[in-house]
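Encoded as structure tokens, the structure appears first; notes follow it.
2 protein chains.
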Amino acid sequence: MNDTFLKACRGEAVDYTPVWIMRQAGRYMPEYRAVRGDVDFLTLCKTPELAAKVSLQPVDILGVDAAILFSDILIPVEAMGMGLHFSESKGPVFSEPIRSRAQFEKLIVPVPEDELSFVGETIKILRRELKVPLIGFSGAPFTLATYMIEGGGSKNFLYTKKMMYQNGALYKHLMEKITDTVTAYLRAQIRAGAQCVQIFDTWAGVLGPEDFKAYALPYVKTVIAALQGEGVPIIYFVNGCAGLLKEIKTSGAQVIGVDWKIDMAEAVRKVGKDYSVQGNLDPCALFMGQKGLAKKIQSVLKKGAKAKGHIFNLGHGVLPETPVENVKFLVDKVHELSRR
Amino acid sequence: MNDTFLKACRGEAVDYTPVWIMRQAGRYMPEYRAVRGDVDFLTLCKTPELAAKVSLQPVDILGVDAAILFSDILIPVEAMGMGLHFSESKGPVFSEPIRSRAQFEKLIVPVPEDELSFVGETIKILRRELKVPLIGFSGAPFTLATYMIEGGGSKNFLYTKKMMYQNGALYKHLMEKITDTVTAYLRAQIRAGAQCVQIFDTWAGVLGPEDFKAYALPYVKTVIAALQGEGVPIIYFVNGCAGLLKEIKTSGAQVIGVDWKIDMAEAVRKVGKDYSVQGNLDPCALFMGQKGLAKKIQSVLKKGAKAKGHIFNLGHGVLPETPVENVKFLVDKVHELSRR
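Note that the protein sequences, when read in sequence, are chains A and B.
Residue numbering for the first sequence follows our numbering, beginning at 8 and increasing consecutively.
Residue numbering for the second sequence follows our numbering, beginning at 8 and increasing consecutively.
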């Protein structure tokens, strides 16, 4: 068992900097596309054998130091009772977004062992196969709320902010129901075998710090506090964290995920000595030549080394157009350059 | 002549905090929609009498402390020789994006007094009518380059970053041609009567600090250095500035525009005592009730007061759905709460 990743999460001494890659199981990889060719995306997420198969691919092919459950952040939202489909042009679409109390009332808090049992089964298969730690994950309450309220992706998140500002009671009730869902979902993942969980707050970066503190962070704190007794490290990743790190680091998470739009040295300074950091190479750097890419990797490693612990990652998910050989080069280079 | 805005740009004592609003002439205002009902967007930009008319509307209706030329950041790009149209669903579209040396070679550096003479004429009309200062503007070189290379808006700016990383010589030549265009364009605006210019870097926030410093900032510095002799204050606004302020403040601009995704107090600390700041209320705050809105305004004013000079503004453009009465309330409240 390679536990370098878990040691870095806890800030313990490691022989080299561990690395995994957000969306490491995905369309950039021909082996993934081969599996995906036969099934649609949601079926892939919900079929344990297939979800496990694609989760394992990057471990075998790239040699990353952690696997992550293959799934989608909207899977538990669908289980709350919202009809979900994926459109080629628009991405995820909820045909009936939550805008009223009546719509909210119809939402349930799913029991993970029932409505989401395929997730636990996937995790069990993975734990039997893996020689590296398995990361479970969920969307953060705010990010899930934006999809539920907007009905999909958004530019200005106006419906979400309108509910926050104009109908605070409904917003709070909705966030509490999502928080309960996320907590139970992550707890079930841990109890099924996930050795770490990451909470993805893809959209919290559209909030200013005061609003983040009032409307997003308290719910993340509730989730994390409820999971502390489970004994696994928690990673909290906010895309667009540059202006929010002072607040983010109070979340209770042991590891703070950092996107690429802030200098890693500044992020490490802001996070301080009590938390490990994860990040933060621009996913587009994987389109550089290997000489330029190596320089960028070295820069992130050098700055990350000042943190309590450092897990190398991209600052956001790997892009579908990315050349696999550069991802492989990245993983090898992180190991080579960081070996003590 | 109300010169409060210009005084604040220069960091001189003012009786109250001046305020204007990005996109203050726009679709949220019925008087604008009435003009726009008869003409398409590009015709409106290019017809001096009409462009001047809508530029004046927010000054008359809201009582803002500055007017801004009504135009679009892509107007000079079209004059470089790129066919531009606006699509209802996709926004601006260039049918032939710049991806090759041959395409680049066909671009010209337009002579503002010839190809863009309508801009100078609009400015001259405005200066005759206005009792507040007139702001001219341009997109920053990087932001204009993204539209030219991507062919419109983008999610990951992959074509732009690919050119940066894989074809550095072409990227540099393109940026230099855009820089020459922006410099001549802004100089012409100032010589026609603009009393301040703002450089909008809408997309530079997708670059990490190292890339911003290498691929965007040098060209902005060149523009600003070339304009310093013109004797008007320059505002440099980067959307997504939170991780970039250390670099941004070296641009040479007298005023640093700040979006809402960073605490204004932190932004003022980072900018330091040598530059004025502009910003930074979340445009969505205009959907709050007036009590909540007043509280947010007060918070921005209090933090902005620590800067060399503070110009109140939103952290990005006002949204089309915004209630006009709240924008009017905002302007009055900024004046009332800040009056010394």
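Virtual Cβ for every residue (Gly too), placed ideally from N, Cα, C.
Here's a check: name, in chain order, each residue in its chain whose Cβ is nearer than 8 Å to the Cβ of residue i, leaving out the five neighbours to either side.
{"i": "Pro148 of chain B", "result": "Met182, Ile185, Thr186, Val189, Ala223, Tyr226, Val227, Val230"}
{"i": "Asp270 of chain B", "result": "Lys310"}
{"i": "Leu51 of chain B", "result": "Val42, Arg43, Leu57, Ala58, Val61, Phe77"}
{"i": "Ile156 of chain A", "result": "Pro104, Ile105, Arg106, Tyr166, Thr167, Met170, Leu181"}
{"i": "Gln173 of chain A", "result": "none"}
Thinking just about the alpha-carbon of each residue, which of the options is nearest to the one in residue i?
{"i": "Arg106 of chain B", "options": "B:Asp47, B:Asn246, B:Arg194, B:Ala152", "result": "B:Ala152"}
{"i": "Arg30 of chain A", "options": "A:Pro65, A:Ala211, A:Leu51", "result": "A:Pro65"}
{"i": "Phe336 of chain B", "options": "B:Ala221, B:Leu308, B:Leu293", "result": "B:Leu293"}
{"i": "Pro99 of chain B", "options": "B:Ala109, B:Asp79, B:Val118", "result": "B:Asp79"}
{"i": "Leu76 of chain A", "options": "A:Leu137, A:Leu91, A:Glu122", "result": "A:Leu137"}
{"i": "His283 of chain A", "options": "A:Lys268, A:Gly316, A:Ala274", "result": "Per the sequence shown, residue 283 of chain A should be read as Ser rather than His. Considering only alpha carbons, the answer is A:Gly316."}
{"i": "Lys268 of chain B", "options": "B:Arg40, B:Leu321, B:Gly296", "result": "B:Leu321"}
{"i": "Leu49 of chain A", "options": "A:Thr24, A:Gly90, A:Tyr178", "result": "A:Gly90"}
{"i": "Gly160 of chain B", "options": "B:Ile242, B:Phe93, B:Arg40", "result": "B:Phe93"}
{"i": "Glu120 of chain B", "options": "B:Lys97, B:Asp67, B:Gln196", "result": "B:Gln196"}
{"i": "Pro55 of chain A", "options": "A:Lys131, A:Glu112, A:Phe144", "result": "A:Lys131"}
{"i": "Leu326 of chain A", "options": "A:Gly18, A:Tyr35, A:Arg17", "result": "A:Tyr35"}
Can you tell me the Cα-Cα spacing of residue i and residue j, whole angstroms?
{"i": "Gly88 of chain A", "j": "Ser258 of chain A", "result": "28 Å"}
{"i": "His323 of chain B", "j": "Phe207 of chain B", "result": "10 Å"}
{"i": "Leu3 of chain A", "j": "Leu344 of chain A", "result": "The structure shown has nothing for residue 3 of chain A, since chain A only spans 8 to 347."}
{"i": "Val239 of chain A", "j": "Ala191 of chain A", "result": "15 Å"}
{"i": "Ile142 of chain A", "j": "Lys298 of chain B", "result": "44 Å"}
{"i": "Glu38 of chain A", "j": "Ala32 of chain A", "result": "9 Å"}
{"i": "Val331 of chain A", "j": "Cys291 of chain A", "result": "13 Å"}
{"i": "Ala260 of chain B", "j": "Gln235 of chain B", "result": "9 Å"}
{"i": "Gly212 of chain A", "j": "Lys220 of chain B", "result": "22 Å"}
{"i": "Val21 of chain B", "j": "Gln285 of chain B", "result": "15 Å"}
{"i": "Leu288 of chain B", "j": "Pro216 of chain A", "result": "11 Å"}
{"i": "Phe319 of chain A", "j": "Leu165 of chain A", "result": "34 Å"}
{"i": "Lys256 of chain B", "j": "Asp266 of chain B", "result": "14 Å"}
{"i": "Glu128 of chain A", "j": "His180 of chain A", "result": "31 Å"}
{"i": "Gln205 of chain A", "j": "Lys53 of chain B", "result": "51 Å"}
{"i": "Ser306 of chain B", "j": "Ala274 of chain B", "result": "13 Å"}
{"i": "Arg356 of chain A", "j": "Ile242 of chain A", "result": "Nothing in the structure corresponds to residue 356 of chain A, since chain A is present only between 8 and 347."}
{"i": "Lys313 of chain A", "j": "Val46 of chain B", "result": "58 Å"}
{"i": "Arg108 of chain B", "j": "Leu177 of chain B", "result": "6 Å"}
{"i": "Leu114 of chain A", "j": "Val126 of chain A", "result": "20 Å"}
{"i": "Glu254 of chain B", "j": "Leu81 of chain B", "result": "25 Å"}
{"i": "Leu214 of chain A", "j": "Arg40 of chain A", "result": "35 Å"}
Can a CB atom of chain E be found closer than 7 Å to the CB of residue i?
{"i": "Lys168 of chain A", "result": "Absence of chain E from the displayed structure is noted, the protein chains being A and B."}
If I follow the unbroken alpha helix (DSSP H) through residue i, where does it start and stop?
{"i": "Tyr192 of chain B", "result": "175-199"}
{"i": "Ile82 of chain B", "result": "82-86"}
{"i": "Asp339 of chain A", "result": "331-345"}
{"i": "Ser306 of chain B", "result": "297-311"}
{"i": "Ser62 of chain B", "result": "55-69"}
{"i": "Val126 of chain A", "result": "124-136"}
{"i": "Met39 of chain B", "result": "Checking the sequence shown, residue 39 of chain B turns out to be Tyr, not Met. Counting along the chain, the alpha helix (DSSP H) containing Tyr39 of chain B begins and ends at 37-43."}
{"i": "Leu91 of chain A", "result": "First-last for Leu91 of chain A: 91-94, but that is the beta strand (DSSP E), not the alpha helix (DSSP H)."}
Tell me which same chain residues have a C-beta within less than 7 Å of the C-beta of residue i, skipping the five on either side of it?
{"i": "Pro140 of chain A", "result": "Asp10, Phe12, Leu13, Ala73, Gln202, Cys203"}
{"i": "Val338 of chain A", "result": "Val26, Leu69, Gly70, Val71"}
{"i": "Arg134 of chain B", "result": "Leu141, Gly200"}
{"i": "Arg346 of chain B", "result": "Asp22, Tyr23"}
{"i": "Arg194 of chain A", "result": "Leu234, Glu237"}
Which residues bound the beta strand (DSSP E) around residue i?
{"i": "Ile318 of chain A", "result": "317-321"}
{"i": "Gly264 of chain B", "result": "262-264"}
{"i": "Gln285 of chain A", "result": "283-288"}
{"i": "Ser145 of chain B", "result": "141-146"}
{"i": "Gln235 of chain A", "result": "Counting along the chain, Gln235 of chain A falls outside any beta strand (DSSP E), and DSSP gives it neither H nor E."}
{"i": "Val100 of chain B", "result": "98-101"}
{"i": "Gln205 of chain A", "result": "203-208"}
{"i": "Phe244 of chain B", "result": "241-245"}
Leaving out the 5 sequence neighbours to the left and right, which residues in its chain are closer than 6 Å to residue i when beta-carbon positions are compared?
{"i": "Thr209 of chain A", "result": "Thr150, Asn246"}
{"i": "Lys340 of chain A", "result": "Ala301, Ile304"}
{"i": "Gly158 of chain A", "result": "Phe101, Pro104"}
{"i": "Ala86 of chain A", "result": "Pro117, Glu122, Leu123"}
May I ask you to list, following chain order, the residues of the region 261-272 of chain A that have a beta carbon less than 8 Å from some beta carbon of chain B?
-> Trp267, Lys268, Ile269, Asp270
Name, going along the chain, the residues of the region 160-187 of chain A whose beta-carbon falls closer than 8 Å to a beta-carbon of chain B.
-> Asn163, Phe164, Leu165, Lys168, Lys169, Tyr172, Gln173
Residues of the region 313-346 of chain B whose Cβ lies closer than 7 Å to any Cβ of chain A, in chain order = Leu326, Glu328
Cβ-based contacts, 8 Å cut-off: residues of the region 212-223 of chain A near chain B = Result list: Gly212, Val213, Leu214, Gly215, Pro216, Glu217, Asp218.
With 7 Å as the limit, tell me which residues of the region 241-252 of chain A have their beta carbon closer than that to any beta carbon of chain B; keep them in chain order.
-> Under the 7 Å Cβ criterion, the region 241-252 of chain A contributes Gly247, Ala249, Gly250.
Residues of the region 120-137 of chain B whose Cβ lies closer than 7 Å to any Cβ of chain A, in chain order | none
Compile a chain-ordered list of the residues in the region 24-53 of chain B whose CB is closer than 8 Å to at least one CB of chain A.
-> none
Of the residues that make up the region 281-292 of chain A, which ones have a beta carbon closer than 7 Å to any beta carbon in chain B?
-> With the criterion set as a beta carbon lying under 7 Å from some beta carbon of chain B, the members of the region 281-292 of chain A are Asp289, Cys291, in sequence order.
Using a Cβ cut-off of 9 Å, which residues of the region 77-106 of chain B contact any Cβ in chain A, in chain order?
-> none
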